[in-house]
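Reviewing the structure listed below.
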Amino acid sequence: MTDLTNLTLSAALDGMAAGDFSSEELTKAHIDACMDAADLNAFITTTFEHAMDGAKASDARRKSGTVGKLEGAPLGVKDLFCTEGVKTTAASKILGEFTPTYESSVTANMKADGMVMLGKLNLDEFAMGSANETSAFGPVINPWRKDEDLVPGGSSGGSAAAVAAGICLGATATDTGGSIRQPASFTGTVGIKPTYGRCSRWGTVAFASSLDQAGPIAKTVKDSAILLGSMAGYDPKDSTSIDAPVPDWTKSCERSVKGLRIGIPKEYSIDGMPPEIQTLWDEGIAWMKDAGAEIVPITLPHTKYALPAYYIVAPAEASSNLARYDGMRYGTRVDGADLNDTYEKTRAAGFGAEVQRRIMIGTYVLSAGYYDAYYLQAQKVRTRIVQDFENAWESCDAILTPTAPSAPFAVGRKVTDPVQMYLNDIFTVTTNLAGLPGISVPAGLDKDGLPLGLQIIGKAMDEDTVFAAASALEKAAGFTARPEKWWT
Ligand code: GLN
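Take the sequence shown: its position 352, counted from the start at 1, is 343 in our numbering, and no numbers get skipped.
In C-alpha cells:
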C-alpha cells in the first residue's frame, strides 16, 4: 500500500470516499509518523487513543451515509484553541494543567465535520514570536533541516512543521501579525489568514483581539480551501464574527485569473532583503502575467510605519488580555505574602521573557501620559494603512508580495535580539492591521535548498480571488520539493 502520509487532504478524503482505505488506516499511519517525528517537538499533547476511537466512529458514520467535509481526516490543532477535556496550554506555564470544559467554535465546527484530532500542536507562548522559540515546551524544529537545526517560523511553528513533515494532513493555526503565513513560508506549506471576522475567536486563547484570526496550514491551496471552509462561519458568541455565507472555496481554486489586476507595492522592496527573494517575487510577477493577469504597480506609502504600529497595538491588547492570568482563575499559582505579592510571584513564574516584555510594553503605551504619544499614534497609523489598501483597490484586485524577508534561520540565531525577530513580520502585519485576507504559497527554494513563499493579499471578504490567484501561483511555481526525512 502507498504511504498514506504522502497524500494531500483532498486525495485522502477522495480515497476514503472511494473505499480505498479507512479513516482507521489513515489515522494509524499518521500516528506512526507522529511517533517517528518526536524529535521535531511539534506536539505539546498527543491524543492518539482518542484519535483511533474517533477514526472508528468516523468509519461507522461513513457506512451509515453521513459524511462531513473533513470526514475521518487526521488533523492537528494549535494549542491555542480550547478543546473540551484536552489540556490547553498556549505553550505557557501559566495555564498549568488547564483543561477546558468547552470547545472553541473553530474546532467545534471541524469536529462536527468529522475531523480526527491527533493532538495539540506547539507554538510560541501565547502566539508571541516568529520562530517558535518562546514556547515553554521547547522549540519546534523545522523538518527542512540542513546541517543545523532550523526554526519553523512562528507562532504556528508546530502546525507548519507537522504539515511539512507529513504527520498531519493539515492543521489549525492563528495569525495576529503573520503567524500562519510566515511559518508556512518557512516550511514549504500553504497558510491562509482569512478576513478578520471569518473565523470565530470564541474559545481561542486571546493575544490581540482586534488582530487575531484563525486559519489553516495545509499542503496545497485546495487543502487550505477545504479546511477554511470548515473552520469559518458566523458565530453569535463572537461579537466580531461576520454574518456572511461561507462559499465553496475549492471552486475558487479553479477560477481563472485572466484579466485579474495584480498590484505590486513598491514599498515591499526593502533594504537588506536577500536578492533571491526579490528574484522569486519577480518570477511570481511573470507567472501571474503568463496566467493572464494584468500587473499594476501600486503604492502603500505607510508600510514603513506598520511594524512600529503593530508592536504597539498588539502588546497593548495583549497586556489587557493577559491580565486575567493572575493565579486565581487559571492554572499556576505561586503564593506570596499578600494578594499583590501572589499576583507578582505567579506572573513572574508563569510567563516567559517574551510575554513579560510584551506586557511591559503594552502597559507602558497604555499608561497615562504615554497613551497619546504611542497608542493613539499607532491607531492613527493603522487607519492610514487601511486607507492605503482602500486606495490600492481602485487599481487592483489582489496584491502579490513576498511572505517573509528571509528563509528559515538557525535555532537560537535571533532569539536574543527581539528587534531582529520582529522584522520577520514586515510583509505580514499590514493585512492584520487592515483586517484583510492573506495567503502564503510555497514558490521556490533558496540557494541552500530551503523553502520561500509568496503572499497574495485580497480585499476584505474576497477570499474567492485570493484562492484563485494563489492557485495560479501554485500551478506556475510547481513546488514539489519535500524535506529529506532525517528524523527517523
Ligand atoms: N510574530 C508576530 C508576533 O510576535 C506575530 C505573531 C502572531 O501572528 N501570532 O507578534
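No residue lacks a Cβ here, since even glycine has one placed at the ideal position from N, Cα and C. These figures come from a predicted structure and were not determined experimentally.
From the options, residue whose alpha carbon lies closest to that of residue i
i: Gly343; options: Cys387, Phe128, Asn(-3) and Leu391; result: Phe128
i: Gln370; options: Val77, Val356 and Ala468; result: Val356
i: Ala339; options: Ile352, Ser311 and Arg324; result: Arg324
i: Leu219; options: Asp229, Lys242, Phe198 and Ala197; result: Lys242
i: Glu258; options: Leu(-5), Ile376, Arg136 and Asp104; result: Ile376
i: Thr92; options: Met412, Thr74 and Ala364; result: Thr74
i: Thr231; options: Tyr187, Glu245, Ile171 and Ser247; result: Tyr187
i: Ser247; options: Ser176, Asp455, Trp193 and Ser83; result: Asp455
i: Gly168; options: Ala155, Phe117, Lys213 and Thr178; result: Phe117
i: Thr90; options: Thr36, Thr421 and Trp240; result: Thr36
i: Tyr302; options: Met412, Lys210, Gly144 and Val131; result: Met412
i: Asp226; options: Thr471, Pro134 and Val237; result: Val237
i: Phe39; options: Leu61, Ala205, Val77 and Asp115; result: Val77
i: Ala223; options: Thr394, Leu(-2), Ala42 and Lys102; result: Lys102
i: Ser358; options: Ile276, Pro306, Ser260 and Ala156; result: Pro306
i: Gly353; options: Asp326, Pro299 and Leu330; result: Pro299
i: Val372; options: Ala297, Leu61 and Val107; result: Ala297
i: Gly67; options: Ser121, Gly120, Ala162 and Ala81; result: Ala162
i: Asp262; options: Glu124, Cys244, Lys295 and Gly10; result: Lys295
i: Met106; options: Ala425, Arg53 and Gly179; result: Arg53
i: Ser146; options: Gly157, Pro134, Arg172 and Ala156; result: Arg172
i: Asp30; options: Thr333, Val287, Ala153 and Leu441; result: Ala153
i: Phe380; options: Asn32, Val58, Ala398 and Leu424; result: Leu424
i: Gly56; options: Gly10, Phe34, Thr80 and Thr79; result: Gly10
i: Asn100; options: Asn123, Glu124, Asp234 and Lys60; result: Lys60
Helix, strand or coil at residue i [DSSP, three-state]
i: Lys249; result: coil
i: Glu15; result: helix
i: Ser1; result: helix
i: Ala46; result: helix
i: Ile352; result: helix
i: Ser431; result: strand
i: Leu443; result: strand
i: Ala309; result: helix
i: Pro134; result: coil
i: Pro185; result: coil
i: Pro393; result: strand
i: Asp326; result: coil
i: Asp166; result: strand
i: Phe39; result: helix
i: Glu465; result: helix
i: Val196; result: coil
i: Val304; result: helix
i: Lys111; result: strand
i: Ala156; result: coil
i: Gly161; result: strand
i: Lys69; result: strand
i: Ala223; result: coil
i: Ala209; result: strand
i: Gly6; result: helix
i: Ala89; result: According to the sequence provided, residue 89 is Phe. The question's Ala does not apply to it. Note: Phe89 maps to coil in three-state DSSP.
8 Å Cβ cutoff met for residue i and residue j
i: Ser13; j: Asp44; result: no
i: Asp480; j: Arg252; result: A question about residue 480 goes unanswered here, because the residues of the chain that appear run from -8 up to 479.
i: Thr392; j: Pro265; result: no
i: Ala64; j: Leu160; result: yes
i: Ile85; j: Tyr365; result: no
i: Asn113; j: Ser126; result: yes
i: Thr165; j: Asp214; result: no
i: Ile268; j: Pro396; result: yes
i: Val181; j: Ser1; result: no
i: Lys69; j: Gly149; result: yes
i: Leu141; j: Val402; result: yes
i: Trp135; j: Gly87; result: no
i: Val212; j: Phe458; result: yes
i: Cys25; j: Ile217; result: no
i: Trp384; j: Lys476; result: no
i: Pro399; j: Ala156; result: no
i: Gly322; j: Glu335; result: no
Contact belief for residue i with residue j at Cβ below 8 Å, rounded distance in angstroms
i: Gln446; j: Phe418; result: 6 Å
i: Pro433; j: Ala463; result: Pro433 to Ala463, Cβ: 14 Å. No contact.
i: Lys228; j: Trp193; result: 4 Å
i: Leu443; j: Ala472; result: Not confirmed; about 11 Å, so no contact.
i: Ile208; j: Pro185; result: Contact flag wrong, Cβ pair sits at about 13 Å.
i: Val196; j: Leu71; result: 5 Å
i: Phe198; j: Ala309; result: 6 Å
i: Leu313; j: Ile350; result: 6 Å
i: Gly429; j: Ile448; result: 5 Å
i: Gly478; j: Asp27; result: Rather than Gly, the amino acid found at residue 478 in this sequence is Trp. Confirmed, about 7 Å.
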